[in-house]
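Data block below; observations after.
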Amino acid sequence: MTMKHLVPKTFLIAACLSVGLTAKAEDGSAAWLRYAPIANAKQYETLPAVIVSRGESASERAAAEELRRGLTSMLGRPFTVAKNGRGAAILLTADAHLPSESYRIARNIHGLHIDGSSPAAELYGVFHFLELIASQRPIRDEKTQSPSATIRWTDEWDNLNGTIERGYAGRSIFFDNGHVRADLTRAGEYARLLASVGINGCNVNNVNADLDTLSPEHLREFARIADVFRPWGVKLALSIDLTSPQTIGGLDTFDPVDPKVIAWWQSKAAEIYKLIPDFAGFTVKADSEGRKGPSQYGRTPADAANVLARALKPHGGVVLYRGFVYNNHLDWNDRKADRARAGVDNFVKNDGTFDPNVIIQIKEGPIDFQAREPVSPLFAALHKTNVAIEVQTAQEYTGQQRHMVFLPSMWKWVLDTDLRAPGADGKPRATPVKSIVTGHAFPNADGSARMGGFISVTNVGLDANWLHHPMAMANLYGFGRLAWNPDTPVDEIANTWSTMTWGSDAAVRATVPKMLLGSWQVYEGHTGPNGIGTLTNILGYHFGPGIESAERNGWGQWFRGEKDGIGMDRTSAGTGYIQQYPPELAAKYESLATIPDDLLLFFHHVPYDYRLHSGKTLVQSIYDTHYASALAAAEYVPQWKSLQGRIDPERYTQTLHLFEFQAGHAIVWRDAINQWFAKQSGIPDAMHRVGNDPGRMEAEAVKADGFTPVDVTPWETASGGKAMVCHDAKGCTLTTTVQQPSGKYNVAVQYYDMWSGISRYELLVDGKRVAQWSADDTLPPAQFDAAPDGQTATRFTAQGIALHPGATMTLHAMPDMRSELEHVMPAAEANSQLRPRDYREFAPVDYIVIGPDGDLTPQ
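Just so we're aligned: the sequence shown equals residues -25 to -1, 1 to 834 in mature numbering (1 follows the signal peptide of the UniProt record, and there is no 0).
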């Protein structure tokens, strides 16, 4: 297979070469731990140059070396590590009197102390101290810093064959070809990143677990991952399948109350801890999306979770049992059917029956990581059960790391949401989600906080920068910061991450955090606003627009877009879902007078001309929001270009390419959503933008030589519902005569870029080539997709092209007609049933648009 380049567009090469030489090239692998020299090192000149660490553990040695490495690099003078020191020193010490996993930074006559309650806590203290230096903040005595919750994990949905479910940054850093990788250097580097933000656990395999996960052979290999995690205080966890007593143990049942099954799990736990003494525990997905579970035997989630918990308890392990249990074969015609109800319906009846080392892992919302959905009512429903929140750093429904979306803004909104649960006196009280998942809102009988926590589905890959988009690493950093302290302001997260990642240049510090902090609302605005859901293709790759894929099937992500109106009726007269919330919040959501506009369509079915609190009609607000948000996404390009020369060339150029892609893909979204709403509602855009595109020439409407029209599915992902494709190996052309006045213009070509090949394009004016590019991008999905649709739609913009009336503009396209399977598919997929011709790319084109110079969102 000919792999497509990370930064593919040939027109970007010049940009890379033109970046000033003031910055050093980097690949992003250091993430926020760059330890770049700081501008004002003099303010730290009194810091002792000797680091004294008497600890013998791997974590204590790692902490001392990390401190030496970071200070030497940032302050430009040598620091050394010693067992003992005379005079002033930086002392790394253990203090068992501190709370669990806590640290304290303080000064005394012997120097500066970084004290930790454990070796891992010393690491946390060191990383925080280095963050203070990198941010050029003063070093003062600090109060003891303690994590908000016991569980602070990432889930990695990696498969043993090396692929990653919902992974968008390359193959697994842990597995390849059915085994743990021989070289686990990257796994160790990842554990270091996790430790730097206080993350203490990592589940390395897919929640849709391989049935052989717990085989002795695999467990011996997993122990190698635990070994590279251990110096950084990160514990290994595994996703397991509840059928393991059958599939691996050879039993005739996996019934969780069967004595043979109970004994098998006890024996398996002992086997694991012999290999991995600090094993963290199991994550379980059961009775969901085809995974077998206890319901097969008439048992409850508590029956299944408790048999695992009791096997792990003697060793200190925990069970994370996912609350993501629902029926994906719902009846579309049943107006009472509602997937959102599943969490409470399936778990509340078991409240108080789970063992103390079981934690119910609840997704932030009741559906599935949408751009915005209300907080899951299950958080407020379980008063006698440990709970943790599951969020998703992997941007499955939020742009798949090809769009910049700063997710800590969303997570903070979720964590601060006050569910107003009744207290012992029956009266509503403040119960923000953060107080529930940290175990304080519904404490144990003795008044102590319940075990709780934070889990992020992260899915890092072999891309050098871990998550493909350099800005996506702000989400992993932000998750760690919020898990440690959910009261951390998101602007503080954005500012600190930006400084540590991109440097302390004043222009960078003024620009990057501002871009990050508005990006969630920008993405929501040009995809699915008003609580409707992301409106992506839910039956495929969850990336581009595919509006009606959510309707008329059993998956239950319905929004019921009908002629009379749109939105799910979840009121007491509808599915009754709203009544799962505590009474005060339920009343707020039930009433159209008090429901927030940004959640309206999740809870109510309303006419398209329904008037929002903003004063606009629903449909006009959707039109306006999509145009405004596409424009905001386009503004990322000039904002980023303003930093040229202030950021190293490699990361600057990669990020620029991604912003340029996002600007084009936001238009794909804008047009698809607005066209669908205009057709469905029959209500025109009051601003006369939708369907009126000055300067746009549909490919099927201009003079074509060799091109043939094809229907695009779904229809709204092509401007006129069609695209033109080229089946001629010699190439095809689209030709038009320029009507615009003389001047310089941007010329944008909307086309489709599949993984099935590499088509080539060139743009000519009066026979002279003014731009050329190849369709060689690595757009999601990172797998075969032969269709021109919302996933493959993209845009190339040639800027500053001189045009005059009567000029002949020609788009020449060369399809990729090679038929060898090896050209496009890895060897492991060479036995695909697809025919060789299916792997060709026929240079599909949607339209050409001429707009003002500098305008990246021409109609």
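Glycine included, C-beta positions come from ideal geometry on N, C-alpha and C.
Scan the region 65 to 142 and note each continuous alpha helix (DSSP H) run of 4 residues or more that stays entirely inside, going in chain order. Counting whole runs of 4 or more residues, the region 65 to 142 contains the alpha helix (DSSP H) stretches 94 to 109.
Backbone CA spacing between His378 and Glu675 [nearest angstrom]: Numbered from 1 along the sequence shown, position 403 holds the residue referred to as residue 378. Numbered from 1 along the sequence shown, position 700 holds the residue referred to as residue 675. Rounded to the nearest angstrom, the two C-alpha atoms are 29 Å apart.
With a CB to CB cut of under 7 Å and the five nearest residues on each side skipped, what residues in its chain are close to His501? Indexing the sequence shown from 1 puts residue 501 at position 526. The residues are His601, Ser604, Ala605, Ala608, Ala641, Trp644, Arg645.
The region 129 to 142 / the region 168 to 182 touching (three or more Cβ pairs under 8 Å): Segment contact: the region 129 to 142 against the region 168 to 182, three or more CB-CB distances shorter than 8 Å; contact assigned.
Nearest candidate by alpha-carbon position, reference Trp472, set Glu1, Gln496, Ala6: Counting from one through the sequence shown, the residue named residue 472 turns up at place 497. Ranking Glu1, Gln496, Ala6 by Cα distance to Trp472 puts Ala6 first.
For the alpha helix (DSSP H) that Ile237 lies in, which residues bound it at each end? Taking the sequence shown and counting its residues from 1, the one referred to as residue 237 is at position 262. 234 to 250 is the extent of the alpha helix (DSSP H) around Ile237.
Taking 8 Å as the threshold, find out whether the region 677 to 695 comes into contact with the region 516 to 523 through three or more Cβ pairs. With a cut-off of 8 Å, the region 516 to 523 and the region 677 to 695 count as touching, because enough Cβ pairs lie within range.
State the DSSP-derived secondary structure class of Arg52, mapped to helix, strand or coil. On the sequence shown, residue 52 is found 77 positions in, with the first residue counted as 1. Coil at Arg52, not helix or strand.
Given this structure, state the Cα-to-Cα distance separating Glu117 from Arg79, to the nearest angstrom. For the purposes of this step, residue 117 is taken as residue 142 along the sequence shown, with counting starting at 1. For the purposes of this step, residue 79 is taken as residue 104 along the sequence shown, with counting starting at 1. Taking the straight line from one Cα to the other gives about 6 Å.
With a cut-off of 8 Å, do at least 3 Cβ pairs link the region 198 to 211 to the region 161 to 171? Yes, the region 198 to 211 is in contact with the region 161 to 171.
How do the region 131 to 149 and the region 87 to 101 stand: do at least 3 beta-carbon pairs fall below 8 Å, yes or no? Touching, no.
Check each candidate in Phe149, Arg161, Ala198 and name the one with the smallest Cα separation from Asn181. As a position in the sequence shown, residue 181 is number 206, starting the count at 1. If we check each option's Cα against that of Asn181, Phe149 comes out closest.
Just how far apart, CA to CA, sit Val612 and Ala485? Within the sequence shown, residue 612 is the residue found at index 637, counting from 1. Within the sequence shown, residue 485 is the residue found at index 510, counting from 1. Cα to Cα, Val612 sits roughly 16 Å from Ala485.
Roughly how many whole angstroms lie between the Cα atoms of Asp584 and Thr592? For the purposes of this step, residue 584 is identified with residue 609 of the sequence shown, where counting begins at 1. For the purposes of this step, residue 592 is identified with residue 617 of the sequence shown, where counting begins at 1. Here the alpha carbon of Asp584 sits roughly 5 Å from the alpha carbon of Thr592.
Rounded to a whole number of angstroms, what is the C-alpha to C-alpha distance between Ala64 and Gly163? In the sequence shown, residue 64 corresponds to position 89, counting from 1. In the sequence shown, residue 163 corresponds to position 188, counting from 1. Distance between the alpha carbons of Ala64 and Gly163 is about 29 Å.
Using the rule of at least 16 other Cβ atoms within 10 Å of the residue's Cβ for burial, across every protein chain shown, is Gln595 buried or exposed? The residue you call residue 595 lines up with position 620 of the sequence shown. A residue is called buried when at least 16 other Cβ atoms come within 10 angstroms of its Cβ; Gln595 meets this threshold and is buried.
With DSSP as the reference, identify every bridge partner of His787, one or two as the case may be. The residue labelled residue 787 in the question sits at position 812 within the sequence shown. Beta-bridge pairing links His787 to Thr708, Glu737.
So if DSSP puts Asp391 in a beta bridge, which residue, or which two residues, is it bridged to? The sequence position of residue 391 within the sequence shown is 416, counting from 1. According to DSSP, which records beta bridges pairwise, Asp391 is partnered with nothing at all.
Nearest by alpha-carbon distance to Lys359: which of Leu786, Val389, His415 is it? The sequence position of residue 359 within the sequence shown is 384, counting from 1. Looking from the CA of Lys359, the closest CA among Leu786, Val389, His415 belongs to His415.
At least three beta-carbon pairs within less than 8 Å, the region 784 to 791 to the region 698 to 712: The answer is yes - the region 698 to 712 touches the region 784 to 791, with three or more Cβ pairs under 8 Å.
Looking at chain B, is there any beta carbon in it that lies within less than 8 Å of the beta carbon of Gly826? Among the chains in the structure shown there is no chain B, since it carries only a single protein chain.
What does DSSP give as the partner residue(s) for Ser431 in the beta ladder? As a working note, residue 431 is residue 456 in the sequence shown. Answer is Thr129, Val366.
C-alpha gap between Glu816 and Glu737, whole angstroms: Position 841 of the sequence shown, counted from the first residue, corresponds to residue 816. Position 762 of the sequence shown, counted from the first residue, corresponds to residue 737. Going by C-alpha positions, Glu816 is about 16 Å away from Glu737.
Which term fits Gly781, buried or exposed, when burial requires 16 or more other beta carbons within 10 angstroms of its beta carbon? Translated into positions along the sequence shown, residue 781 becomes position 806. Looking at its Cβ environment, which holds fewer than 16 other Cβ atoms inside 10 Å, Gly781 is exposed.
Tell me, please, whether the region 401 to 420 touches the region 434 to 444 by the rule of three or more beta-carbon pairs shorter than 8 Å. The way I'd put it, the region 401 to 420 doesn't touch the region 434 to 444; fewer than three beta-carbon pairs between them come closer than 8 Å.
Tell me which residues share the same chain as Ala777 and place their Cβ nearer than 6 Å to its Cβ, disregarding the 5 neighbours each side in the sequence. Here residue 777 is taken as the residue at index 802 of the sequence shown, counted from 1. Taken in chain order, the residues that qualify are Lys719.
Suppose only complete runs of 4+ residues qualify. What are the alpha helix (DSSP H) ranges in the region 322 to 378, listed by chain order? Taken in chain order, the unbroken stretches of alpha helix (DSSP H) that lie wholly in the region 322 to 378 and span 4 residues or more are 353 to 356.
Roughly how far, in whole angstroms, is the beta-carbon of Thr68 from the beta-carbon of Ala24, given that I think they are within contact range, below 8 Å? Taking the sequence shown and counting its residues from 1, the one referred to as residue 68 is at position 93. Taking the sequence shown and counting its residues from 1, the one referred to as residue 24 is at position 49. That pair is no contact at about 18 Å.
Please classify His580 as buried or exposed, where buried requires at least 16 neighbouring CB atoms within 10 angstroms. The sequence position of residue 580 within the sequence shown is 605, counting from 1. Under this definition His580 is a buried residue.
What are the residues that DSSP puts in a beta bridge with Met672? Taking the first residue of the sequence shown as 1, we reach residue 672 at position 697. Looking at the DSSP assignment, Met672 forms a beta bridge with Ile823.
When DSSP builds the beta bridges, which residues end up paired with Asn178? Taking the sequence shown and counting its residues from 1, one reaches residue 178 at position 203. Per DSSP, Asp130, Ala212.
Label His444 either buried or exposed according to how many other C-beta atoms from any shown protein chain fall within 10 Å of its C-beta, with 16 as the threshold for buried. As a first step, residue 444 must be located in the sequence shown, where it is residue number 469. By the 10 Å Cβ count, His444 comes out buried.
Tell me the rounded alpha-carbon separation between Trp240 and Lys260. As a first step, residue 240 must be located in the sequence shown, where it is residue number 265. As a first step, residue 260 must be located in the sequence shown, where it is residue number 285. A direct Cα-Cα distance of roughly 17 Å separates Trp240 from Lys260.
Please list the terminal residues of the continuous alpha helix (DSSP H) segment that includes Lys58. Here residue 58 refers to the residue found at position 83 when the sequence shown is read from its first residue. According to the DSSP assignment, Lys58 belongs to no alpha helix (DSSP H), since it is labelled neither H nor E.
Residues in the same chain with beta-carbon distance under 6 Å from Thr711, minus the five sequence neighbours each way, listed in chain order, please. Counting from one through the sequence shown, the residue named residue 711 turns up at place 736. The answer, listed in chain order, is Met672, Val677, Met784.
Measuring alpha carbon to alpha carbon, tell me which of Phe771, Gly340, Phe518, Ala773 ends up nearest Pro755. As a working note, residue 755 is residue 780 in the sequence shown. The residue with the shortest Cα to Cα distance from Pro755 is Phe518.
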